[in-house]
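Worksheet: one structure, shown below.
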Amino acid sequence: MAGLQAGAPTPQSITVHGQSRVLEVSFSDGASYRIPFELMRIYSPSAEVQGHGPGQEVLQTGKRNVDLVDLQPVGNYAVQPSFSDGHDSGIYSWDLLYELGSKQQALWAEYERRLAAAGVDRDAPMADKGGHACGSH
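Start counting the sequence shown at 0; every next residue gets the next number (numbering that gives the first Met the number 0).
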């Protein structure tokens, strides 16, 4: 997992906006981002989403209306959100939150490309995992 890079911006404030479904993060370098819960959820750093190696990523769908139900600090380097669909295993470092905020346009474009390549709709329900158990991480 990516740790903190020396001199990397750190959050000065983190605000959950439940109604608009965004996490607002203001960083020490003056940057401020409104990161949609959906974007956070589809780019979760968890093994459940990222897989256990390159090419094993699991395309997330049906997350447009996901809510953030809890946000816990992890040390002084990350937060661990719990989403309304039960997903709670992703640990979001400050670096990752900064990347999600600063590269939103490119990340959305990549997500749209992956959806198109897979021939699935953004709002399609997730396919059943088929009993795949990858253990807890």
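Beta carbons are placed, not taken as given, at the ideal position from N, Cα and C, and that holds for glycine.
Subject >> Own chain residues within Cβ distance below 7 Å of R33, not counting five before or after >> reply: Here residue 33 refers to the residue found at position 34 when the sequence shown is read from its first residue. Annotation for R33: V21, E23 place their beta carbon closer than 7 Å to its own, counting only its chain and skipping 5 residues before and after.
**OP:** With distances taken Cα to Cα, identify the nearest neighbour of Y91 among S81, D84, S83, A77.
**Re:** Here residue 91 is taken as the residue at index 92 of the sequence shown, counted from 1. Taking the Cα of Y91 as reference, the smallest distance to any Cα among S81, D84, S83, A77 is reached at A77.
Subject >> 6 Å CB neighbourhood of D66 in its chain, flanking five on each side removed >> reply: Indexing the sequence shown from 1 puts residue 66 at position 67. The answer, listed in chain order, is S83.
Original post:
Who are the near neighbours of Y110 in its chain, counting only those whose CB is closer than 7 Å to its CB and skipping five residues on each side?
Top reply: Counting from one through the sequence shown, the residue named residue 110 turns up at place 111. The beta carbon of Y110 sits closer than 7 Å to those of I41, all from its chain and outside the five residues before and after it, given in chain order.
**OP:** Could you tell me the distance, in whole angstroms, from the CA atom of A126 to the CA atom of K102?
**Re:** Here residue 126 corresponds to residue number 127 of the sequence shown, with the count starting at 1. Here residue 102 corresponds to residue number 103 of the sequence shown, with the count starting at 1. Going from the Cα of A126 to the Cα of K102 covers about 28 Å.
**OP:** Could you give the DSSP three-state label for L106: helix, strand or coil?
**Re:** Your numbering for residue 106 matches position 107 in the sequence shown. The three-state secondary structure of L106, taken from DSSP, is helix.
Subject >> Assigned exposure category for P35 - 16 Cβ within 10 Å defines buried >> reply: In the sequence shown, counting from the first residue as 1, residue 35 sits at position 36. By the neighbour-count rule (16 or more Cβ atoms within 10 Å), P35 is buried.
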